[in-house]
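Novice:
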Amino acid sequence: MTLAQRLNAIPNHERFGIGVLSGTSVDGVDVGLTRLSGSGERTRVELLAFQTFPIPKDLRARILRNCDKNAATLPELSQLNILVAELFADCILRFLKRYRPKRIDFIASHGQTVWHNPKREPIGKFRIGSTLQVGDGSVIANRTGILTISNFRSAELAFGKEGAPLAPFLDFILFRHSQKNRVLLNIGGISNLTALKANAKKEDVVYFDAGAGNVLIDKAAQRFFQKPFDRDGKLAAQGKVNQSLLRLWLKEPFYRQKPPKSTGRELFTDAYFEKLLADASGISPTDFIATLSALTAQSLATQIERFVLPNMTLDELIVSGGGANNKTLIEMLKTAFPKSRVLKQDGLTDNPIPAKAKEAVLFAVLGHELLSGKSASMQTPALLGTLAFPPK
Ligand SMILES: Nc1ncnc2c1ncn2[C@@H]1O[C@H](COP(=O)(O)OP(=O)(O)O)[C@@H](O)[C@H]1O
Ligand SMILES: [Mg+2]
118 MTLAQRLNAI PNHERFGIGV LSGTSVDGVD VGLTRLSGSG ERTRVELLAF
168 QTFPIPKDLR ARILRNCDKN AATLPELSQL NILVAELFAD CILRFLKRYR
218 PKRIDFIASH GQTVWHNPKR EPIGKFRIGS TLQVGDGSVI ANRTGILTIS
268 NFRSAELAFG KEGAPLAPFL DFILFRHSQK NRVLLNIGGI SNLTALKANA
318 KKEDVVYFDA GAGNVLIDKA AQRFFQKPFD RDGKLAAQGK VNQSLLRLWL
368 KEPFYRQKPP KSTGRELFTD AYFEKLLADA SGISPTDFIA TLSALTAQSL
418 ATQIERFVLP NMTLDELIVS GGGANNKTLI EMLKTAFPKS RVLKQDGLTD
468 NPIPAKAKEA VLFAVLGHEL LSGKSASMQT PALLGTLAFP PK
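To convert, count from 1 in the sequence shown and add 117; that's the numbering used here.
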């Protein structure tokens with residue numbers, strides 16, 4: 118069925134929502150159009166169209182600069198809040214021009230994270246964590262003329278929780294299996310995972326950010342090979358993993374911290390990368406990138422052993438995110454989990470949505486849940502998201 122035909126047959130109880138985001142990798146703006154109905158465990162979602170729009174180079178540099186606490190400036194951050202909204206609105210308008218859907222009920226925008234520090238710190242009589250996504254919802258709503266939901270993370274912080282990862286809600290709805298124990302692993306800039314034992318209930322789900330996904334590998338590819346990332350893991354495949362370096366790097370305390378937990382570029386900074394590079398003096402660039410790839414795989418493996426395997430066996434490790442295209446990384450995961458089936462999400466016979474659109478679909482589902490008056494938070498009763506209305 119074509120998109121136009123699909124859109125013509127809309128029962129009234131359905132919503133059409135656009136999910137939009139730019140992830141930690143700042144590699145593109147993902148826009149996905151979904152058809153949604155039901156709510157909670159009975160949510161039904163279908164992806165109707167998806168496109169990733171490139172981020173202009175200078176804008177990307179501006180975003181990355183302002184994710185770094187030593188380089189960010191207040192004037193640029195304030196500008197970015199509007200600029201990212203303008204960029205998202207522009208991508209959405211181009212998307213709508215191309216796909217011409219008859220009806221759109223809402224946009225759900227994650228925005229762009231510039232800072233995420235959920236660790237609660239005492240300040241006066243308050244103890245607070247914080248997270249900041251730029252890309253103002255009001256600008257998007259007024260530019261597109263569509264009701265916009267944004268700011269999905271901060272409500273959980275009011276409960277002293279993390280505000281991240283948010284993907285477990287979607288994983289729970291879409292990937293729970295009646296017989297198989299599954300881990301859903303998304304390898305973006307940062308990696309996150311959701312452990313779903315067979316027939317899991319919401320309270321059974323174990324989930325957490327697991328650390329660096331591609332972010333360190335990307336930095337090495339840029340530094341030594343002038344490439345934005347290690348395409349298909351070809352560079353790492355030419356190198357040899359340095360086991361003693363790997364053991365040293367695995368001492369990072371974040372990997373021992375109990376879930377739920379979240380992290381971001383604030384931990385895996387340029388300075389962090391420089392420290393790893395200093396540890397690795399004398400080893401070749403390909404060995405360095407191979408060892409960084411092994412760090413991504415092994416840090417995941419040790420955390421799955423620590424926090425997941427005590428509660429369930431692992432039948433399937435289902436990988437999504439850009440890192441799923443890194444063949445060397447996938448091979449390393451297969452070696453780490455010889456008894457489990459390690460596969461890309463798109464290789465599942467019951468895959469409900471293309472892996473590349475997963476996060477866009479996630480935010481559309483979260484927006485739909487808010488409009489249904491339901492909480493999509495895994496650990497709090499918070500309703501996630503803030504509404505911004507289009508002009509009269
Ligand atoms: N063919 C590929 N081979 C290896 N890595 C890839 C490939 N394609 C994408 N990636 C990695 O995936 C990242 C983007 O992944 P994505 O899931 O969009 O992450 P984020 O949510 O952080 O934006 C890129 O920065 C790159 O590191
Ligand atoms: Mg991305």
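Beta carbons are placed, not taken as given, at the ideal position from N, Cα and C, and that holds for glycine. No experiment lies behind these values; they were computed from the predicted model shown.
(1) Looking only at its own chain, which residues have a Cβ that is under 8 Å from the Cβ of L124, when we skip the five neighbours before and after it?
(2) Whole angstroms is fine: what's the gap from T305's alpha carbon to A206's?
(3) Kindly identify the DSSP beta-bridge partner or partners of L138.
(4) Under 7 Å: does the beta carbon of S308 sit that close to some heavy atom of ligand 1?
(5) Can you find the residues in the same chain that come closer than 6 Å, C-beta to C-beta, to S437, ignoring five residues on each side of it along the sequence?
(6) Anyone know if the C-beta pair for G246 and N234 falls short of 8 Å?
(7) Tell me, please, whether the CB atom of A453 is closer than 8 Å to any CB atom in chain D?
(8) Does K236 come out as helix, strand or coil in the three-state DSSP assignment?
(9) Tell me, which residues are paired with T326 by DSSP?
(10) Measuring only the C-alpha atoms, how far is F276 from P507?
(11) Out of V478, G350 and H130, state which residue places its alpha-carbon closest to the alpha-carbon of I447.
(12) DSSP three-state label for N303, please.
(13) Straight-line CA distance for L120 to S494?
(14) Given Q168, which residues of its chain have a CB within under 7 Å of its CB, disregarding the five upstream and five downstream residues?
(15) In chain order, what are the residue ranges of uninterrupted alpha helix (DSSP H) at least 4 long that sit wholly in the segment 166–215?
(16) Determine the closest residue to L176 out of S139, F286 and Q415, with distance taken between C-alpha atoms.
(17) Based on the DSSP output, what are the partners of F243 in its beta bridges?
(18) Please determine, among E131, T141 and H130, the residue with the shortest C-alpha to C-alpha distance to F385.
(19) Pull up the CB-CB distance for A481 and G136, whole angstroms please, since I reckon it's below 8 Å.
(20) Applying the criterion that 16 or more other CB atoms from any shown protein chain within 10 Å of the CB defines a buried residue, is F289 buried or exposed?
(21) Nearer than 7 Å: is that true of the beta carbon of D144 relative to any heavy atom of ligand 3?
(22) For L450, which option in F286, E422 and I470 has the closest C-alpha, if you only look at C-alpha atoms?
(23) If we ignore side chains and look at the alpha-carbon of each, how far apart do I127 and L479 end up?
(24) Taking 8 Å as the cut-off, decide whether the C-beta atoms of P377 and Q496 are in contact.
(25) Is N198 near D253, with beta carbons less than 8 Å apart?
(26) Please classify R348 as buried or exposed, where buried requires at least 16 neighbouring CB atoms within 10 angstroms.
(27) Give a yes or no on contact between the segment 392–402 and the segment 355–365, applying the rule of three or more CB pairs nearer than 8 Å.
(28) How big is the Cα-Cα spacing for N298 and A338?
(29) Say yes only if the C-beta of D335 is nearer than 7 Å to one or more non-hydrogen atoms of ligand 2, and no if none qualify.
Specialist: Quick look at the numbers:
(1) In this predicted model, L124 has a pLDDT of only 46, less than 50, meaning its place in the structure is not dependable enough to derive any value.
(2) Correcting the residue type first, residue 305 is Gly in the shown sequence and not Thr. For G305 and A206, the distance between alpha carbons rounds to 23 Å.
(3) D147 and G228
(4) no
(5) Counting only Cβ-Cβ distances below 6 Å, and skipping sequence neighbours, we find N303, Q462, A472 and K475.
(6) yes
(7) Absence of chain D from the displayed structure is noted, only one protein chain being present.
(8) Under the three-state reduction of DSSP, K236 is assigned to strand.
(9) The sequence shown places Asp at residue 326, not Thr. For D326, which the question treats as bridged, DSSP gives the partners N309.
(10) 30 Å
(11) G350
(12) strand
(13) Confidence in L120 is poor, its pLDDT being 48 and thus under 50, which makes the residue's placement too unreliable to answer from.
(14) V148 and F212
(15) 174–182
(16) S139
(17) I240
(18) T141
(19) 4 Å
(20) buried
(21) The ligand content of the structure shown is limited to ligand 1 and ligand 2, which means ligand 3 is not among them.
(22) E422
(23) Only weak support is given to the placement of I127: the predicted model assigns it a pLDDT of 49, under 50, and the value that follows is read from those uncertain coordinates. It is roughly 21 Å from the alpha-carbon of I127 to the alpha-carbon of L479.
(24) yes
(25) yes
(26) exposed
(27) yes
(28) 35 Å
(29) No - ligand 2 has no heavy atom lying nearer than 7 Å to the Cβ of D335.
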